[in-house]
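The number in the working numbering is simply the position in the sequence shown, starting from 1, with 53 added.
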Amino acid sequence: MNYRTYSHKSLDNAKALRSNQTDCEDILWQRLRAKRLNNIKFRRQVPIGKYIVDFVNLGKKLIIEVDGSQHLDDTNRKYDELRTEYLNEQGYSVIRFLDSDILENLESVLNTILAEYNKLL
54 MNYRTYSHKS LDNAKALRSN QTDCEDILWQ RLRAKRLNNI KFRRQVPIGK
104 YIVDFVNLGK KLIIEVDGSQ HLDDTNRKYD ELRTEYLNEQ GYSVIRFLDS
154 DILENLESVL NTILAEYNKL L
């Protein structure tokens, strides 16, 4: 049985996001895709419940979010907190990086992802 936890609309939205990812999401995706980071499989723009996450390793339930500067204002920060709380309740760990992290220190971002992944083993 297929116990899909997302709507067809969410799936359509995720497909659209894959086609229109941000430059920073693309930079990170080029390092995550095809098991390029320590042979770890990540998927991009995946619906989980009512949300679409940027990147996820479903085996360890690790979500990676790439946030632009709009996520720094109070309204978006509160929304992100509620979103992370929901995802945590579903058993996922969520780590967030700002666009500037990706642009200025990609290797540190990748090391942080690996460290978090290894904690979940």
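Backbone N, C-alpha and C define an ideal beta-carbon position, used for all residues, glycine too. The model shown is predicted, which means the values in this text are computed figures rather than measured ones.
- The residues L115, in chain order, have a CB closer than 6 angstroms to that of S146 in the same chain once the five nearest residues on each side in sequence are set aside.
- Look at Y104 here: in three-state DSSP terms it is strand.
- With 16 or more other Cβ atoms inside 10 Å of its own Cβ, E118 counts as buried.
- Secondary structure at R149: strand, using DSSP grouped into helix, strand and coil.
- The C-alpha of N110 is placed about 13 angstroms away from the C-alpha of K172.
- Going by DSSP, L115 is part of the beta strand (DSSP E) stretching over L115 to D120.
- Rounded to whole angstroms, the separation of the alpha carbons of N141 and V99 is 16 angstroms.
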